[in-house]
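**Student:** By this note's numbering, the letter at position 32 of the sequence shown is numbered 146, and the numbering carries on one by one without gaps. All residues carry an ideal CB built from backbone N, CA and C; glycine is no exception. Just dropping this structure here.
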Amino acid sequence: MYIDIRDLSLNLSREHIQQTLINVGQHNTATIVNYLSTYTVECSIFSLPFVFDFVRPLDNIFPDIVFNYVTYLLVQDNDAFKHEFFVRIARLFPLLKYLRISNIDPQISAYMKLTSNHIQ
């Protein structure tokens, strides 16, 4: 049987995946669903408690759990990250030593926006 991934991705949600895992007896899990494009969905499933020290590239969406052992984190997104994002990383990754960030849109500080507006 063939399944059109475009139809499947429209119905894919973190809650749906989490409920499916519970239905098959996997209660201690956390799930992240990232929509990379209209037809591409990336799903990450973590067993809990999370005991690894490295997390591969994630989007800017994290489950609301504390990653007590993670010391190395790679984060990527197409949009610029905001201050609240870094506050959340500090809260969820208390032992973090290395943070690698990759995004396409550059960070623009409030000072730069203000300065460029005054030049016009």
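Could you spell out where the alpha helix (DSSP H) holding F200 opens and where it closes?
**Tutor:** Your numbering for residue 200 matches position 86 in the sequence shown. Per DSSP, F200 belongs to the alpha helix (DSSP H) from 197 to 206.
**Student:** Could you tell me the alpha carbon to alpha carbon distance between I146 and V165, rounded to whole angstroms?
**Tutor:** For the purposes of this step, residue 146 is taken as the residue at position 32 of the sequence shown. For the purposes of this step, residue 165 is taken as the residue at position 51 of the sequence shown. Whole-angstrom Cα-Cα distance: 17 Å.
**Student:** State the start and end residues of the unbroken beta strand (DSSP E) segment that holds S148.
**Tutor:** Position 34 of the sequence shown, counted from the start, is the residue given in the question as residue 148. In the sequence as presented, Ser is not what sits at residue 148; that position holds Asn. Unbroken beta strand (DSSP E) run through N148: 143 to 149.
**Student:** In three-state DSSP terms, what is I136?
**Tutor:** As a working mapping, residue 136 is identified with position 22 in the sequence shown. Three-state result, I136: helix.
**Student:** Quick one: what's got a C-beta closer than 6 Å to V169's C-beta in the same chain, skipping five residues either side?
**Tutor:** Counted from its first residue, the sequence shown places residue 169 at position 55. Closer than 6 Å at the Cβ level, and outside the excluded window around V169, lie V184, L187.
**Student:** Excluding the five sequence neighbours on either side, which residues of its own chain have a C-beta within less than 8 Å of the C-beta of F199, listed in chain order?
**Tutor:** The count along the sequence shown starts at 1 and reaches residue 199 at position 85. So the qualifying residues of the chain are N174.
**Student:** Pick out whichever of S127, F181, I215, E129 has its Cα sitting closest to the Cα of L209.
**Tutor:** As a first step, residue 209 must be located in the sequence shown, where it is residue number 95. Cα-wise, what sits closest to L209 is F181.
**Student:** Quick one: what does DSSP say I215 is sitting in, helix, strand or coil?
**Tutor:** Taking the first residue of the sequence shown as 1, we reach residue 215 at position 101. Looking at I215 - three-state DSSP - the assignment turns out to be strand.
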